[in-house]
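Residue numbers (my numbering): 1438 to 1831. The beta carbon of each residue, even a glycine, is placed where N, CA and C say it ideally should be. One structure is given below, encoded as structure tokens.
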């Protein structure tokens, strides 16, 4: 392959530096491997944010400015396009040229199925879906409901590395799942061993899932939200030495939840202030001492093997990560630099281990990132798997 389209969702996630890094890692990582890559971003009009007093149409949305600023920062220029959900160009080539590019490309790499335009999918030679929300995706497919984001792809990859194995309870949803990992741009995320407060454990997250990514019932079980996992660990700051700080996107109506967190010693900051673009997100991670975070219950309870792209950036920065176990230890080395927990007791033990040899865990964190998540390795393997699977289809 020499030419690729990569589907992103940077514009839709206005003021979210973490999502920007997730999509940029695919675009810049594939470009570093020698591919001619076009970032194709589709903005749903329901996700548009507008300045006060400005007419409500997608062309004037702040999302567009956010997208364009990131495109300029990372030198994408003519290698990027933004369309709305009607297919109208907001940035980049006109529709006719975009369709020609889709037809000429070797594949559409559709991360999270953000590109939903039928014309683009129909012109592309090979449509590759990359699932970054394992559990939600498979259960949605298994339900038989209409799934426009997921449908009409030729190959399906998931970052849930246990899916399709006896280790995971999720159904396949009628799809043969191939596996990949979240790539991290090692050169963009250099070690920051000497930056930040070693005893400040942080993370950047949303309190509740949006849309279909909230509570759900399936497999005879009810899967809650991250909020429910934090409830099990709410006493952690009162029983450990570090400061636990969350850049937490929490709705203003969740007043009691916020008060409960603060009463138990959690420090809360606004992610739209500290992690609103790629630079501020990187600065927030690299001035932290370590990461602490839970995962969505559907990732945990099904033993999916899901791993956060956010955590890969803590690790690459040389910041130890103490994160909830989703079964990723089956395929990724844990114990040094990366520590998984299931219970409050496990989490307290992990804090103690990091404190007793902080410098050692920092070096080990960087090693884990280099060994398992380096975009050069992850994406080279991904491309090989795409090519091999593509040949088998023919």
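Nearest to residue i (by Cα), restricted to the options the options
i	options	result
residue 1745	1787, 1754, 1738 and 1763	1763
residue 1604	1589, 1738, 1552 and 1462	1738
residue 1678	1635, 1689, 1686 and 1630	1635
residue 1441	1476, 1460 and 1724	1476
residue 1463	1683, 1815 and 1779	1815
residue 1619	1807, 1826 and 1828	1807
residue 1623	1822, 1461, 1547 and 1640	1461
residue 1713	1726, 1702, 1641 and 1491	1641
residue 1749	1740, 1741, 1736 and 1723	1723
residue 1519	1509, 1501 and 1626	1501
residue 1583	1553, 1564, 1561 and 1600	1553
residue 1795	1765, 1558 and 1776	1776
residue 1471	1510, 1439 and 1614	1439
Exposed unless 16 or more other CB atoms sit within 10 angstroms - verdict on residue i
i	result
residue 1811	buried
residue 1571	buried
residue 1514	exposed
residue 1670	buried
residue 1556	exposed
residue 1676	exposed
residue 1534	exposed
residue 1483	exposed
residue 1581	exposed
residue 1576	buried
residue 1696	exposed
residue 1574	buried
residue 1523	exposed
residue 1498	buried
Simplified DSSP assignment, three categories, for residue i
i	result
residue 1594	strand
residue 1466	helix
residue 1616	strand
residue 1650	Legend: pLDDT at residue 1650 = 47, less than 50; position of this residue unreliable, value from coordinates given subsequently. Note: residue 1650 maps to helix in three-state DSSP.
residue 1487	coil
residue 1629	coil
residue 1542	coil
residue 1574	helix
residue 1814	helix
residue 1773	coil
residue 1829	helix
residue 1446	coil
residue 1515	helix
Beta-carbon separation (whole angstroms), residue i vs residue j, contact threshold 8 Å
i	j	result
residue 1729	residue 1638	4 Å
residue 1521	residue 1495	4 Å
residue 1734	residue 1660	5 Å
residue 1684	residue 1756	14 Å between Cβ atoms; not a contact.
residue 1566	residue 1547	5 Å
Residue i CB to nearest heavy atom of the ligand ATP below 7 Å
i	result
residue 1726	As far as ligands go, the structure on display features none, and thus does not contain the ligand ATP.
At what residue ranges does the segment 1786–1811 contain a whole run of the beta strand (DSSP E), taking only runs of 3 or more? none
Give the list of continuous alpha helix (DSSP H) stretches no shorter than 4 residues that lie fully inside the segment 1687–1767. 1692–1700, 1708–1711, 1715–1723, 1734–1738 and 1746–1753
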